[in-house]
Amino acid sequence: MAETHQDSGGGGGDFDLTQFYQIFFEEAGENLDQMEQMLLNLNLETADDEELNGIFRCAHSVKGGAATFGFTDVAELTHQMESLLDRLRRHELQPNAAMVDVLLESADASRSLLARHQAGGEGDGVPTADLVRRISDLAAGGSATPAPAPVQAKVSAPEQKVPVAVTPPKNKTTRSLEICIGPIERPEQADAVCELFRDIPGLGDIKALPSDRKDVRVFAVETASTDDDLLDLFAFHVSREHITIKNVDPVSLESSDPGYGFFEGAAGAPVAASYADDPQPGAPLAAFPGYGFFDGSPGAPVQIPAVVSSENGVLESKVASKVPAKTSPGTAAPQPEAATIRVAISKVDQLINLVGELVITQAMLAQNSRALDPAVYQQLLTGLADLDRNTRDLQESVMSIRMIPMSIVFSRFPRMLRDLAGKLGKKVDFVTQGEATELDKGLVEKITDPLTHLVRNSCDHGVEMPAERLAAGKSETGTITLSASHQGGSIVIEVRDDGRGMSREKILNKARERGLDVSDQMSDAEVWQLIFAPGFSTAAVVTDVSGRGVGMDVVKRNIAALNGTVEIDSAEGYGMKVSVRLPLTLAIMDGMSVGVGDEVYILPLSSVVESFQVKADAVSTVGQGSQLVKVRDEYMPVIELEKVFQIPRFDFEKSSDIMVVVEADGSRVVLLVDELLGQQQVVVKNLESNYRKVPNVSGATILGDGKVALILDTGALVRRSRH
Amino acid sequence: MGTMEKLDEMSTSGAREYLTFRLDQEEYGIDILKVQEIRGYEPPTRVANAPNFIKGVVNLRGTIVPIVDMRLKFSCSKAEYNSFTVVIILNLKHRIVGIVVDSVSDVMELPPENLKAAPEIDSVIDSGSVLGLGSLGDRMLILLDIERLMAAPDMGLVAASE
């Protein structure tokens, strides 16, 4: 599929975005579904802010993604939807049925546009001008100007339909068709197409005909729509390659389209022949110019083999007269979706837990078999060695299902920023740090949207125009930095820019304008938090990039849903930093295990600076017994883990005489432990799912022997030493 | 909810099955549907700053589960850990918790007519957590609302702010 995307203008070029298309299509599909659901449930008289904001956010997310990937047509349409929705949620307009209608149609149109992009961007462009006009009429407060042919426009796939509707009636000749659907596994899906004819007025009439096969349905259809339109419609219920349309009234068609006869000779015959005996029925069609009208996978065997364009722009199709039952089911087209499957996170979690158990059981077996005589139990021991290797491989594979490096997310941005900066006339350098930080896949999926918003915000609001930058004594090119790192019990993702920063004044003024409860005495941090209010934006102009204020609202919500927090740091004129802190549930972490008394604790290796054996006279006390130790001319507070965790000591011969210097939040402390046990990768488990938060502990992990060890929260320990 | 209402609620749903266990000389019953499994006792990992009856956390097939010793919670005279000590793993509404008991007796069905309201007594158990008393011949069964008992703030299983 990659090469077809290159042609689509959607994302080829110097940077390969194709690997993210699937994620975007899935996300956009979900967003559109959600929006449709919310629109349908919307009560026009009593629509509350929450609902309208929700619908708005869906449109905004689709727009953001589409713009990122360069699907300008989708971005433009959703931008219009967003404008209308924005006025609705500001209560500048009262929602009415016409708006809901046009929004639903636009959602459908977006879906068709996306489907076209997903199929590689082949085929005709989808005219959305009419929808765009109707939306902007409504958004401007005008009455719902009906589309030239509202009946036609109601059809779920409005591309090609609008021109059909406005063209003179000579093209609207009613045709009689016989449509075969099958063979498919669940023929009752085919019955759903009857409902289409019932639901969409003006589409035509449909009658079920008796079929000689159980898995094939045959319908007689009278319609003015083109075959392509019908296929688009039917595609909602059955896949295209299972549909065969046969014209049973060639006379009327021929009279309406003089070019038809020519095409029949050119295309119809070889197609019909290829059906019967060619194992790859699509192949002889490859050179046929009309082929591109298929939205289906290019190159895949297609069972309705010819779509022909006649001079007057109306699409007609010539249909193989062969009954599809003759086609071998083995030639079914491979769907692009087959490349990935979406699996419930809980299933993967369960798998990971089970494999963890397996590893522990295996370790136990290995331990117990060590005493066996290799001469006598050779086969058993060989088997155990194999088991050892296999379980390790299995564990690695299962872990890799969930863990992906941040570079997957980060690499989405250079292209987006380049386009965005170009559009805004700004110069921006993009720097990433910590791409190798591994993050749970579930988190990555959910963090992508908020990060997109943040990066766009930085580019649009943060970085100034080159001239402005020069005037402010900065270099012409702004820098946006995206970094990821493990810090304490969290993963911290930072978006930094060296732009104009935020103005405390402006935000406070805007907040007052919006009737928020603010005062001049608020701390900076509190003021920055204001920008997370829904609909809050200080941007003077609403662009399709940002400025509607929805971004930060979404960011905050999405991150809160992940139990994360967002912090903002800004200095006017110097830039702004947004830190997203996420819990690292299930993130793999490099840990250092330390022993205190009989207990084992894990320190995040990333925060360990150094460790050394301490001499009794190196520790000095200050005031009420606080201990300090001098390490290379620096005095650092000493924290005795034994005291912090009230660890019982049974063996008084031993004592804590190893010091580990850890760094967190920019300061260092020294932890006093008994011994260093080793380094290992640990899977972080949440302690709070069944228990409560334990002070100074960020999580727990399971050691090789199946025991639980607590992971120390170095950040909390450092903060503790400050008080 | 008054005790009588609770009993009404129980009796309308017909006879229920209870898992019974012993703590010292007393016999307790909990709803069998809350019980996930019964395991032997293995020393848990101690958690700092926890009340004494929370023995720590164990690894239950990849899940971290806290272990509460009911004998310490109910101030029994002795709490020994030997090869007969049993842990009942409870699957409650929001969490999985293990409780240590002296021994598990059996699973029994209690017809509603054998259920009696518990009199107001002064005890270490919050009276709201006692569903009632079940009589089986000369045995007396203390029926616990284990969900409520485990969610009680003095259990220390949930953060105070929750």
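Top line first, the protein sequences correspond to chains A and B. Using numbering that gives the first Met the number 0, read the first sequence as starting at 0 and increasing by one per residue. Using numbering that gives the first Met the number 0, read the second sequence as starting at 0 and increasing by one per residue. Think of the CB as a built atom: it goes at the ideal place given N, C-alpha and C, for glycine as much as any other residue.
Where does residue i land, buried or exposed, given buried means 16+ other C-beta within 10 angstroms?
i, result
"A/Tyr573", "exposed"
"A/Thr243", "buried"
"A/Phe24", "buried"
"A/Asp523", "exposed"
"A/Ser457", "buried"
"B/Pro50", "exposed"
"A/Phe412", "buried"
"A/Asn246", "buried"
"A/Phe55", "buried"
"A/Thr713", "buried"
"A/Asn508", "exposed"
"A/Gln36", "exposed"
Tell me the rounded alpha-carbon separation between residue i and residue j.
i, j, result
"A/Ala65", "A/Val73", "6 Å"
"A/Thr478", "A/Gln366", "55 Å"
"A/Gly140", "A/Ala96", "14 Å"
"A/Thr222", "A/Thr127", "23 Å"
"A/Pro608", "A/Thr451", "Just to set this straight, residue 608 of chain A is Val in the shown sequence, not Pro. Computed Cα separation, rounded: 33 Å."
"B/Leu132", "B/Ile124", "14 Å"
"B/Leu143", "B/Pro43", "25 Å"
"B/Glu16", "B/Leu130", "14 Å"
"A/Glu512", "A/Lys505", "10 Å"
"A/Met405", "A/Val443", "7 Å"
"A/Leu92", "A/Leu51", "12 Å"
"A/Ser399", "A/Asp392", "11 Å"
"A/Met501", "A/Leu702", "47 Å"
"A/Ala286", "A/Ser410", "Per-residue confidence for A/Ala286 stands at a pLDDT of 41, beneath the threshold of 50, marking its modelled position as unreliable; the derived number appears in the next sentence. Those two C-alpha atoms are separated by around 37 Å."
"A/Val217", "A/Asp226", "16 Å"
"A/Pro449", "A/Asp552", "9 Å"
"B/Ser126", "B/Arg38", "28 Å"
"A/Leu83", "A/Leu137", "7 Å"
"A/Ser654", "A/Met521", "49 Å"
"A/Val462", "A/Gly563", "26 Å"
"A/Tyr376", "A/Ala370", "11 Å"
"B/Met154", "A/Ile492", "37 Å"
"A/Ile351", "A/Val672", "32 Å"
"A/Thr436", "A/Ser484", "6 Å"
So which of the options has the shortest CA-CA distance to residue i?
i, options, result
"A/Val215", "A/Ile178, A/Lys206 and A/Asp226", "A/Ile178"
"A/Val683", "A/Ala384, A/Glu475, A/Phe412 and A/Ile710", "A/Ile710"
"A/Ile601", "A/Asp704, A/Gln679 and A/Gln33", "A/Gln679"
"A/Leu41", "A/Glu75, A/Phe19, A/Val99 and A/Leu76", "A/Val99"
"A/Ile340", "A/Ile22, A/Ser135, A/Arg495 and A/Arg556", "A/Ile22"
"B/Pro152", "A/Gly714, A/Lys422 and A/Arg691", "A/Arg691"
"A/Lys614", "A/Met658, A/Asp32 and A/Leu670", "A/Met658"
"A/Lys706", "A/Ala118, A/Tyr20, A/Asp632 and A/Val358", "A/Val358"
"B/Cys75", "B/Ile87, B/Glu119 and B/Arg21", "B/Arg21"
"B/Leu135", "B/Thr62, B/Arg147, B/Lys115 and B/Glu146", "B/Lys115"
"A/Leu604", "A/Val593, A/Glu598 and A/Val554", "A/Val593"
"A/Leu723", "A/Asp673, A/Val101 and A/Ala466", "Outside the displayed range of chain A (0 to 722) lies residue 723 of chain A, so it cannot be described from this structure."
"B/Ser102", "B/Leu32, B/Phe52 and B/Tyr40", "B/Tyr40"
"A/Val660", "A/Arg468, A/Met464, A/Pro636 and A/Ile403", "A/Pro636"
In the DSSP assignment, the beta strand (DSSP E) including residue i goes from what residue to what residue?
i, result
"B/Glu26", "Glu25 to Asp30"
"A/Phe429", "Val427 to Gln432"
"A/His90", "Here A/His90 belongs to no beta strand (DSSP E), and DSSP marks it neither H nor E."
"A/Phe70", "First-last for A/Phe70: undefined, no H or E at that position."
"A/Asp725", "With chain A covering 0 to 722 only, the question about residue 725 of chain A has no answer from this structure."
"A/Gln486", "Gly477 to Gln486"
"A/Val360", "A quick correction: the sequence has Thr, not Val, at residue 360 of chain A. Per DSSP, A/Thr360 belongs to no beta strand (DSSP E); it is in the alpha helix (DSSP H), Ile344 to Ser368."
"A/Leu686", "Here A/Leu686 belongs to no beta strand (DSSP E), and DSSP marks it neither H nor E."
"A/Met402", "Met402 to Pro404"
Kindly indicate the opening and closing residues of the alpha helix (DSSP H) around residue i.
i, result
"A/Lys642", "Leu640 to Val643"
"A/Gly421", "Phe412 to Leu423"
"A/Glu467", "Pro465 to Ala470"
Requested in this report: Determine contact between the segment 21 to 34 of chain B and the segment 131 to 140 of chain B, defined as no fewer than three beta-carbon pairs at a distance below 8 Å.
Outcome: yes
Query raised in the report: Are the segment 464 to 483 of chain A and the segment 419 to 435 of chain A touching by the rule of at least three beta carbon pairs closer than 8 Å?
Result: yes
Query raised in the report: If you pair each beta-carbon of the segment 100 to 114 of chain A with each one of the segment 75 to 86 of chain A, do three or more pairs fall below 8 Å?
Result: yes
Query raised in the report: So, do the segment 374 to 384 of chain A and the segment 458 to 475 of chain A have three or more beta carbon pairs nearer to each other than 8 Å?
Result: no
**Report entry** Segment contact, 8 Å Cβ cut-off, at least three pairs: the segment 662 to 671 of chain A with the segment 61 to 68 of chain B
**Finding:** no
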